[in-house]
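Taking the numbering used here, the leading residue of the sequence shown gets 196, the next gets one more, and so forth.
Cβ atoms here follow ideal geometry from the backbone N, Cα and C, with glycine treated the same way.
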Amino acid sequence: MFYGIGVGIGDSLAVTKKAIDVLGMVDILYVPTAKKTDDFSTAHNIVKDYINEKTMVKRRHFPMNYNSEELQKAWNEISSEIIGDVSRGKNVGFITIGDPMVYSTYIYLLRILKDKIKVTTIPGIASFLDIASNNNFPLVEGEDPLIILPATMDIKSIRNYVKNENSIVLMKVYNNFDEIVKMLVEEKLENFSIIVSNSSKEEEVIYKNLKDIKKSDVSYFTTILINKKWEL
Numbered sequence: 196m197f198y199g200i201g202v203g204i205g206d207s208l209a210v211t212k213k214a215i216d217v218l219g220m221v222d223i224l225y226v227p228t229a230k231k232t233d234d235f236s237t238a239h240n241i242v243k244d245y246i247n248e249k250t251m252v253k254r255r256h257f258p259m260n261y262n263s264e265e266l267q268k269a270w271n272e273i274s275s276e277i278i279g280d281v282s283r284g285k286n287v288g289f290i291t292i293g294d295p296m297v298y299s300t301y302i303y304l305l306r307i308l309k310d311k312i313k314v315t316t317i318p319g320i321a322s323f324l325d326i327a328s329n330n331n332f333p334l335v336e337g338e339d340p341l342i343i344l345p346a347t348m349d350i351k352s353i354r355n356y357v358k359n360e361n362s363i364v365l366m367k368v369y370n371n372f373d374e375i376v377k378m379l380v381e382e383k384l385e386n387f388s389i390i391v392s393n394s395s396k397e398e399e400v401i402y403k404n405l406k407d408i409k410k411s412d413v414s415y416f417t418t419i420l421i422n423k424k425w426e427l
């Protein structure tokens, strides 16, 4: 069996019991790293105490860029390796931060593997759910939809959603952070938005005053929640 394991948001205590059980029984665990020369993995760091000492840990690099040819090559190579491990009768896991089905590298592997080997996916707590609960900031209520947006899309489209919806999650905000914050201030949403970097990690920082925040203040792992019906 191949297991895609969501390890949540940074706090090892927030890893689900189901994920911990699977981590304790897999024979091989694939750990994603952002750089080829990098031994450190955020996902691995979260769950390192739950991994069986007999488990073989394979660190594999997943390119963090938009070169589709390079990305596809990496996914195909790692998928082939996983298929080989499973074919030899091994239980194989792959860990990913947050939830495996929300803007996750795991989805690209799943697309390749789902028709070739048996796959079980273990959910994890997504960053926006963690932020909302930790800050007593409701995401959505009544008949309002919850809109989850990647802030890598064009600012005009984001502004259109912000104008027309009450409850919005903005993920992947780092690259366009200053432009996003400027737009939220222009839309007079300073008192209805919360920004959190490194949610539930030791380096967590919570921002509730949008006007004073710049890209240089936040980390890559930053999320913005907006609820026009919940004033801070």
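Per DSSP, cross-strand counterpart(s) of residue i
{"i": "PHE197", "result": "VAL287 and VAL314"}
{"i": "TYR402", "result": "ILE390"}
{"i": "LEU224", "result": "VAL252 and GLY288"}
{"i": "ILE421", "result": "ILE363 and SER388"}
{"i": "GLY293", "result": "GLY203"}
{"i": "ILE342", "result": "ILE363"}
Rounded C-alpha distance that separates residue i from residue j
{"i": "PRO258", "j": "ILE292", "result": "16 Å"}
{"i": "TYR415", "j": "GLU374", "result": "15 Å"}
{"i": "ILE312", "j": "LYS285", "result": "12 Å"}
{"i": "GLU264", "j": "PHE387", "result": "41 Å"}
{"i": "ASP206", "j": "ASP216", "result": "17 Å"}
{"i": "ILE342", "j": "LYS377", "result": "20 Å"}
{"i": "THR418", "j": "MET196", "result": "33 Å"}
{"i": "ARG255", "j": "THR228", "result": "6 Å"}
{"i": "LEU420", "j": "TYR298", "result": "16 Å"}
{"i": "ILE317", "j": "GLY201", "result": "6 Å"}
{"i": "TYR245", "j": "ILE204", "result": "16 Å"}
{"i": "VAL380", "j": "LEU266", "result": "36 Å"}
{"i": "LYS249", "j": "ILE408", "result": "46 Å"}
{"i": "LYS213", "j": "ASP310", "result": "24 Å"}
{"i": "PHE235", "j": "MET296", "result": "23 Å"}
{"i": "VAL210", "j": "ASN240", "result": "12 Å"}
{"i": "LEU218", "j": "ILE320", "result": "16 Å"}
{"i": "ASN247", "j": "VAL221", "result": "8 Å"}
Close-in-space but distant-in-sequence residues of the same chain around residue i (CB under 8 Å, 5 per side omitted)
{"i": "LEU304", "result": "GLY199, TRP270, ILE273, SER274, ILE277 and PHE289"}
{"i": "PRO340", "result": "GLU360 and SER362"}
{"i": "LYS253", "result": "ILE223, LEU224, TYR225, VAL226 and GLU276"}
{"i": "LYS410", "result": "TYR369, PHE372 and ASP373"}
{"i": "ILE350", "result": "ASN371, GLU374, ILE375 and MET378"}
Candidates the options, of which the one nearest residue i by Cα
{"i": "VAL400", "options": "ASP407, VAL413, LYS406 and LYS409", "result": "VAL413"}
{"i": "SER394", "options": "SER322, VAL252 and VAL210", "result": "SER322"}
{"i": "GLU426", "options": "MET220, PHE332 and MET296", "result": "PHE332"}
{"i": "LYS268", "options": "LYS358, ALA214, ILE307 and LYS249", "result": "ILE307"}
{"i": "GLY337", "options": "LEU324, LYS309, LYS424 and GLU381", "result": "LYS424"}
{"i": "THR300", "options": "ASP310, ALA238, MET348 and VAL357", "result": "ALA238"}
{"i": "ASN330", "options": "VAL391, GLU382, LYS309 and GLY319", "result": "VAL391"}
{"i": "SER282", "options": "MET296, ASP294, VAL314 and LEU405", "result": "VAL314"}
{"i": "ASP325", "options": "LEU218, ASP294 and VAL242", "result": "ASP294"}
{"i": "LYS406", "options": "LYS383, ASN247 and VAL221", "result": "LYS383"}
{"i": "LYS432", "options": "SER328, ASN422 and VAL242", "result": "With the chain represented from 196 up to 427, any question about residue 432 goes unanswered, as that position is not in the structure."}
{"i": "VAL335", "options": "VAL364, SER352 and LYS243", "result": "VAL364"}
Close beta carbons around residue i, own chain, < 7 Å, minus the five adjacent residues each side
{"i": "ASP280", "result": "ILE223 and VAL287"}
{"i": "PRO345", "result": "TYR298, MET366 and LYS367"}
{"i": "ARG354", "result": "MET378"}
{"i": "LYS403", "result": "ILE389 and LEU427"}
{"i": "TYR356", "result": "ILE342, LEU344 and ILE363"}
Within-9 Å CB hit, residue i to chain C
{"i": "ARG354", "result": "The structure shown has no chain C; it contains just one protein chain."}
Other residues of its chain near residue i: CB distance less than 6 Å, five sequence neighbours each side excluded
{"i": "LYS396", "result": "GLY205"}
{"i": "MET251", "result": "ILE223"}
Task: Minimum length 4: unbroken alpha helix (DSSP H) runs contained in the stretch 344 to 383 - done: 350 to 359 and 372 to 381
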